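J.:
Protein chains: 2
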Amino acid sequence: MLTPGATIGILGGGQLARMLAMAGARLGLKSHIFSPGANEPAFDVCAARTVARYEDEAALAAFAEAVDVVTYEFENVPARTAEFLAARKPVRPNPRVLALTQDRLVEKRFVQGLGIDTAGFADVADAGALARGVAKLGRPSILKTRRLGYDGKGQILLQGGADLAVTFRALGGAPCILESFVHFSKEISVVAARGVDGEFRAYDVCENVHEHHILATTTTPANIRPETAARAALIARAIAEAADYVGVLAVEMFVLDHAVGPIWERLVVNEIAPRVHNSGHWTLDGATTSQFEQHMRAVAGWPLGSTRRHGRAVMSNLIGDDANGWRELLGEEGACLHLYGKSEVRPGRKMGHVTRVTPEEP
Amino acid sequence: MLTPGATIGILGGGQLARMLAMAGARLGLKSHIFSPGANEPAFDVCAARTVARYEDEAALAAFAEAVDVVTYEFENVPARTAEFLAARKPVRPNPRVLALTQDRLVEKRFVQGLGIDTAGFADVADAGALARGVAKLGRPSILKTRRLGYDGKGQILLQGGADLAVTFRALGGAPCILESFVHFSKEISVVAARGVDGEFRAYDVCENVHEHHILATTTTPANIRPETAARAALIARAIAEAADYVGVLAVEMFVLDHAVGPIWERLVVNEIAPRVHNSGHWTLDGATTSQFEQHMRAVAGWPLGSTRRHGRAVMSNLIGDDANGWRELLGEEGACLHLYGKSEVRPGRKMGHVTRVTPEEP
Numbered sequence: 031m032l033t034p035g036a037t038i039g040i041l042g043g044g045q046l047a048r049m050l051a052m053a054g055a056r057l058g059l060k061s062h063i064f065s066p067g068a069n070e071p072a073f074d075v076c077a078a079r080t081v082a083r084y085e086d087e088a089a090l091a092a093f094a095e096a097v098d099v100v101t102y103e104f105e106n107v108p109a110r111t112a113e114f115l116a117a118r119k120p121v122r123p124n125p126r127v128l129a130l131t132q133d134r135l136v137e138k139r140f141v142q143g144l145g146i147d148t149a150g151f152a153d154v155a156d157a158g159a160l161a162r163g164v165a166k167l168g169r170p171s172i173l174k175t176r177r178l179g180y181d182g183k184g185q186i187l188l189q190g191g192a193d194l195a196v197t198f199r200a201l202g203g204a205p206c207i208l209e210s211f212v213h214f215s216k217e218i219s220v221v222a223a224r225g226v227d228g229e230f231r232a233y234d235v236c237e238n239v240h241e242h243h244i245l246a247t248t249t250t251p252a253n254i255r256p257e258t259a260a261r262a263a264l265i266a267r268a269i270a271e272a273a274d275y276v277g278v279l280a281v282e283m284f285v286l287d288h289a290v291g292p293i294w295e296r297l298v299v300n301e302i303a304p305r306v307h308n309s310g311h312w313t314l315d316g317a318t319t320s321q322f323e324q325h326m327r328a329v330a331g332w333p334l335g336s337t338r339r340h341g342r343a344v345m346s347n348l349i350g351d352d353a354n355g356w357r358e359l360l361g362e363e364g365a366c367l368h369l370y371g372k373s374e375v376r377p378g379r380k381m382g383h384v385t386r387v388t389p390e391e392p
Numbered sequence: 031m032l033t034p035g036a037t038i039g040i041l042g043g044g045q046l047a048r049m050l051a052m053a054g055a056r057l058g059l060k061s062h063i064f065s066p067g068a069n070e071p072a073f074d075v076c077a078a079r080t081v082a083r084y085e086d087e088a089a090l091a092a093f094a095e096a097v098d099v100v101t102y103e104f105e106n107v108p109a110r111t112a113e114f115l116a117a118r119k120p121v122r123p124n125p126r127v128l129a130l131t132q133d134r135l136v137e138k139r140f141v142q143g144l145g146i147d148t149a150g151f152a153d154v155a156d157a158g159a160l161a162r163g164v165a166k167l168g169r170p171s172i173l174k175t176r177r178l179g180y181d182g183k184g185q186i187l188l189q190g191g192a193d194l195a196v197t198f199r200a201l202g203g204a205p206c207i208l209e210s211f212v213h214f215s216k217e218i219s220v221v222a223a224r225g226v227d228g229e230f231r232a233y234d235v236c237e238n239v240h241e242h243h244i245l246a247t248t249t250t251p252a253n254i255r256p257e258t259a260a261r262a263a264l265i266a267r268a269i270a271e272a273a274d275y276v277g278v279l280a281v282e283m284f285v286l287d288h289a290v291g292p293i294w295e296r297l298v299v300n301e302i303a304p305r306v307h308n309s310g311h312w313t314l315d316g317a318t319t320s321q322f323e324q325h326m327r328a329v330a331g332w333p334l335g336s337t338r339r340h341g342r343a344v345m346s347n348l349i350g351d352d353a354n355g356w357r358e359l360l361g362e363e364g365a366c367l368h369l370y371g372k373s374e375v376r377p378g379r380k381m382g383h384v385t386r387v388t389p390e391e392p
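Quick mapping for you: the protein sequence lines, in order, are chains A and B.
Going by the numbering used here, 365 is the number at position 335 of the first sequence; the sequence numbering is gapless.
Going by the numbering used here, 41 is the number at position 11 of the second sequence; the sequence numbering is gapless.
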């Protein structure tokens, strides 16, 4: 258990690290940001920074020396970086979680191994395996690289007539996974935390809408049956416990439009994010404890905070030019605006978000 | 009107500057802290810092060059510092406000000039004036230095029998003000903001309890009549408008236990704080917009945010050793803990605060 004044090392310097650092500072924790980028959003709000490549062992060693615990804002931390640091200081969540979530195939097998549904999938090592996968899963289906995809990058929707060899080459010949196309009625996520002592707390289930493969809005609570919400939280808990997880994680799921069985809407796990998550940003304005504070509490070995909501929360991302609407948003009664301090607006770039919290009927 | 990415210069590096800097960062504003102290709480969360004396004109000139607007976390900014900066960049609130609030006698005359009640007072330039003041105001009364007192420092309670010449010398012979002792039933404060365009917004009235002259707890809303609350807000507004104020201010008032007139509890203004205020800390967890964000919005020339409360908020300061109770507070359901990152615990030092927000009956 850390004491106030301790330093949390954070790998990555984007908006998630920025909001983590501020949440830590509320609690008297210092943040030390490690990032290869020289002009990172998190640098404006941290006690210390290291600008170096993730492969720079001298820089990593000095960083480990300077901090009390290490965490990260993104799942693509190189495995060797995580192992190098873990040999020197606690890394939370543990590096095995990275191995699990960096590879879509490994992640799917892990989830299915817990008895939790995923989309159907097939291992696609080459064009021949892709043909066998399509024969098994049918079309439409989605070919994804096993590693390093996000926000729709590194994936191709396979519809009728597409040439499989061409499609496989379009992803660079990298090892892939083919996933069956899920006809869902809703996308939801569970943002939850697990402490060093195994304490588990989930926020109310979030309902997400994506546009162009990027999260557009999150509404909490999700408009789903109470039994479905309870089951979603149980799924997140089972995953967190099986991974011996410490910190905040998000589990994205689909709610299927053809319910099977009399009681529950059917849930299919889509993805695990081993970090604070965009669909949890509403907690900054809509919950007693933000997901960022919750994560810092967990990695510090502290008790988790209350996940109580203040009302119904709708979070909208400000993507690219959306951020130019800041004047109107500042003037909108009750809108909570967050801007990430990014100097350059680029299409598809997450520039900020806005949360609107309205009182709920009791 | 500043644009996101602009830099707010803040004079002072304590916990108020720390919380201002974090609130600015939420909105995409950078903070540049100017402080003579080398190890300040705000340094952990700011984009830039200057460690220099307030009289160092070269440092002040460079600071003015680096920022877009200047504000401050404390009222005892030297007048020459404020004027030097105001000649180069906008200083908000304007430096005349400092002149007004740095001198208790000037402040009292200003408030009375607006037709607002204060305690009775007398100008005490020497021991003879003190004798005349006591003859006029009676005992008990309170002798205070006109300048530089806070948290009960620089004041002496005059009770029966005290030797007036000795008492005057005990305050170093500095120019003083004698104030009649107010028998109050409650201490309240109005935390409010005024924008560059004159927009005015007040949070609900706070009820404060002091211990050993230091704020111990703030409860919002105050347990006073609605008419009294409305009048308190009007008083704060009149003061803000007369001072052409921009930013957050707090007006501390007494509610008298011998009500005069049939309608209102009687209010007496005790002090004006030209800055974010300890009695507004509950807004971080209990209101849509925190007082810190509200101040940053105002000094940036932006519209003010919603002052809506999430519930009934009780803020308790963590003074000195209180901060050692952090483990219990972290484990208390619903308690929102804030620690200011001060490395050394000292008696009477404000180390942090905790806010408990509970839902209200509609």
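Glycine included, each C-beta is placed from N, C-alpha and C at the ideal position.
Note that this is a predicted model, so its numbers are computed, not measured.
So, are the CB atoms of T101/B and G277/B less than 8 Å apart?
T.: Translated into positions along the second sequence, residue 101/B becomes position 71. Translated into positions along the second sequence, residue 277/B becomes position 247. Yes. Within cutoff.
J.: Between G310/B, A91/B, G145/B, which lies nearest to K119/B when the distance is taken from Cα to Cα?
T.: On the second sequence, position 89 is the one that residue 119/B refers to. Out of G310/B, A91/B, G145/B, A91/B has the C-alpha closest to the C-alpha of K119/B.
J.: Enumerate, from N- to C-terminal direction, the unbroken alpha helix (DSSP H) stretches of 4 or more residues contained entirely within the region 314-379 of chain A.
T.: Entirely contained in the region 314-379 of chain A, the alpha helix (DSSP H) runs reaching 4 residues are, in chain order, 321-329, 356-361.
J.: Considering Cα atoms alone, identify which of I146/A, V239/A, R261/A, H383/A is closest to N347/A.
T.: Walking along the first sequence from the start, residue 347/A turns up at place 317. For the residues I146/A, V239/A, R261/A, H383/A, the minimum Cα distance to N347/A belongs to H383/A.
J.: Along chain B, in chain order, which residues have C-beta atoms closer than 7 Å to that of C366/A?
T.: Stepping through the first sequence from its first residue, residue 366/A is reached at position 336. Within chain B, the residues near C366/A are T318.
J.: So M283/A is in the beta strand (DSSP E); what residue range does that whole segment cover?
T.: Here residue 283/A is taken as the residue at index 253 of the first sequence, counted from 1. Where M283/A is concerned, the enclosing beta strand (DSSP E) stretches over 277-286.
J.: Ordered along the chain, which non-local residues of its own chain (more than five positions away) have a Cβ less than 8 Å from that of A200/B?
T.: Numbered from its first residue, the second sequence carries residue 200/B at position 170. The answer, listed in chain order, is I186.
J.: For the candidate residues G54/A, R79/A, G316/A, whose alpha-carbon lies nearest to that of G42/A?
T.: Here the question's residue 42/A lines up with position 12 in the first sequence. Checking every option, the nearest Cα to that of G42/A belongs to R79/A.
J.: Return yes when at least one heavy atom of the ligand HEM lies under 7 Å from the C-beta of A252/A, else no.
T.: No copy of the ligand HEM appears in this structure; indeed no ligand is present at all.
J.: Could you tell me whether the Cβ atoms of G310/B and Y233/B are closer together than 8 Å?
T.: Taking the second sequence and counting its residues from 1, one reaches residue 310/B at position 280. Taking the second sequence and counting its residues from 1, one reaches residue 233/B at position 203. In this structure, Y233/B lies closer than 8 Å to G310/B by Cβ.
J.: Within a Cβ cutoff of 8 Å, which residues of the same chain sit near V75/B, ignoring the five residues on either side of it in sequence?
T.: Counting from 1 along the second sequence, the entry for residue 75/B is found at position 45. These residues qualify, in order along the chain: R48, A51, M52, A55, S61.
J.: Can at least three beta-carbon pairs, one atom from the region 138-150 of chain B and one from the region 298-307 of chain B, be found at a separation below 8 Å?
T.: Short answer: they touch.
J.: With burial defined as no fewer than 16 other Cβ atoms inside 10 Å of the residue's Cβ, what is the status of E282/A: buried or exposed?
T.: Translated into the one-based positions of the first sequence, residue 282/A becomes position 252. Result: buried.
J.: CB-CB under 7 Å to A169/A, same chain, minus the five flanking residues each way: which ones, in chain order?
T.: Residue numbering aside, residue 169/A sits at position 139 when the first sequence is read from its first letter. At residue 169/A the sequence reads Arg, which differs from the Ala that was named. Within the same chain, R169/A has close Cβ partners L188, Q189, G190.
J.: For P123/B, does the count of other Cβ atoms within 10 angstroms reach 16, so buried, or fall short, so exposed?
T.: On the second sequence, residue 123/B is found 93 positions in, with the first residue counted as 1. P123/B comes out buried.
J.: Just the chain A side, please: which residues come within less than 8 Å of R327/B by C-beta, in chain order?
T.: Taking the first residue of the second sequence as position 1, residue 327/B is located at position 297. Near R327/B (Cβ distances below 8 Å), the residues of chain A are L360.
J.: Where DSSP assigns a beta bridge to V220/A, which residues make up the other side?
T.: Within the first sequence, the letter at position 190 stands for residue 220/A. For V220/A, which the question treats as bridged, DSSP gives the partners V281/A.
J.: Relative to the C-alpha of D98/A, which candidate in D147/A, G158/A, G35/A has its C-alpha closest?
T.: Position 68 of the first sequence holds residue 98/A. Considering only alpha carbons, the answer is G35/A.
J.: Is there at least one Cβ from chain A nearer than 8 Å to V344/B's Cβ?
T.: Residue mapping note: residue 344/B aligns to position 314 of the second sequence, counting from 1. Not one chain A Cβ lies under 8 Å of V344/B.
J.: Just checking, does the region 323-332 of chain B make contact with the region 323-330 of chain A on the three C-beta pairs under 8 Å criterion?
T.: No contact exists between the region 323-332 of chain B and the region 323-330 of chain A.
J.: For E390/B and chain A, any beta-carbon pair shorter than 8 Å?
T.: Within the second sequence, residue 390/B is the residue found at index 360, counting from 1. No, E390/B lies away from the interface with chain A (no Cβ there is under 8 Å from its Cβ).
J.: So the beta strand (DSSP E) K166/A belongs to, where does it begin and stop?
T.: As a first step, residue 166/A is located in the first sequence; it is residue number 136 there, counting from the start. Premise fails: K166/A lies in the alpha helix (DSSP H), 157-167, not in any beta strand (DSSP E).
J.: Output yes if chain B places a C-beta closer than 8 Å to the C-beta of W332/A; else output no.
T.: What you label residue 332/A is simply residue 302 of the first sequence in a count that begins at 1. For W332/A, the answer is yes, since a Cβ of chain B falls inside 8 Å of its Cβ.
J.: DSSP puts F64/A in a beta bridge; with which residues?
T.: Position 34 of the first sequence, counted from the start, is the residue given in the question as residue 64/A. Answer by DSSP bridge pairing, in chain order: L41/A, T80/A.
J.: So which residues on chain A does S373/B lean against when the C-beta distance must stay under 8 Å?
T.: Taking the second sequence and counting its residues from 1, the one referred to as residue 373/B is at position 343. Within chain A, the residues near S373/B are G35.
J.: Can you name the residues that DSSP bridges to S171/A?
T.: Mapped onto the first sequence, residue 171/A falls at position 141. DSSP, once it has assigned bridges, lists L188/A, S210/A as partnering S171/A.
J.: Thinking C-beta only, is E209/A closer than 8 Å to S171/A?
T.: Counting from one through the first sequence, the residue named residue 171/A turns up at place 141. Counting from one through the first sequence, the residue named residue 209/A turns up at place 179. For S171/A and E209/A, yes; Cβs fall inside 8 Å.
J.: Could you say which of A82/B, Y275/B, L167/B, L46/B lies nearest to V226/B if we only look at CA atoms?
T.: Counted from its first residue, the second sequence places residue 226/B at position 196. Selected option, being the one with the closest Cα: Y275/B.
J.: For A165/B and D133/B, what's the separation of their Cα atoms in angstroms?
T.: As a first step, residue 165/B is located in the second sequence; it is residue number 135 there, counting from the start. As a first step, residue 133/B is located in the second sequence; it is residue number 103 there, counting from the start. Distance between the alpha carbons of A165/B and D133/B is about 23 Å.
J.: Could you have a look at M31/A and say whether DSSP puts it in helix, strand or coil?
T.: Reading the first sequence from its first residue, position 1 is the one you call residue 31/A. In the structure shown, M31/A sits in coil (DSSP, three-state: anything other than H, G, I, E or B).
J.: Is there a Cβ of chain A sitting closer than 8 Å to that of A55/B, yes or no?
T.: Here residue 55/B refers to the residue found at position 25 of the second sequence. Yes, its Cβ sits closer than 8 Å to a Cβ of chain A.
J.: Just curious, the alpha helix (DSSP H) that I269/A is in, first and last residue?
T.: The residue given as residue 269/A occupies position 239 in the first sequence. Segment 256-272, the alpha helix (DSSP H) holding I269/A.
J.: Rounded to whole angstroms, what's the CA-CA distance from P389/B to V121/A? Just pull it up for me.
T.: As a first step, residue 389/B is located in the second sequence; it is residue number 359 there, counting from the start. As a first step, residue 121/A is located in the first sequence; it is residue number 91 there, counting from the start. The alpha-carbon atoms of P389/B and V121/A are separated by roughly 38 Å.
J.: Going by C-alpha to C-alpha distance, which of G341/A, L128/A, R376/A, A365/A sits closest to D352/A?
T.: Counting from one through the first sequence, the residue named residue 352/A turns up at place 322. Nearest option by C-alpha distance: R376/A.
J.: Scan the region 86-155 of chain B and note each continuous beta strand (DSSP E) run of 3 residues or more that stays entirely inside, going in chain order.
T.: Segments of the beta strand (DSSP E) lying fully in the region 86-155 of chain B: 99-102, 151-154.
J.: State the Cα-Cα distance for the pair F104/B and F64/A, rounded to the nearest angstrom.
T.: Counting from 1 along the second sequence, the entry for residue 104/B is found at position 74. Counting from 1 along the first sequence, the entry for residue 64/A is found at position 34. Approximately 34 Å, taken between the alpha carbons.
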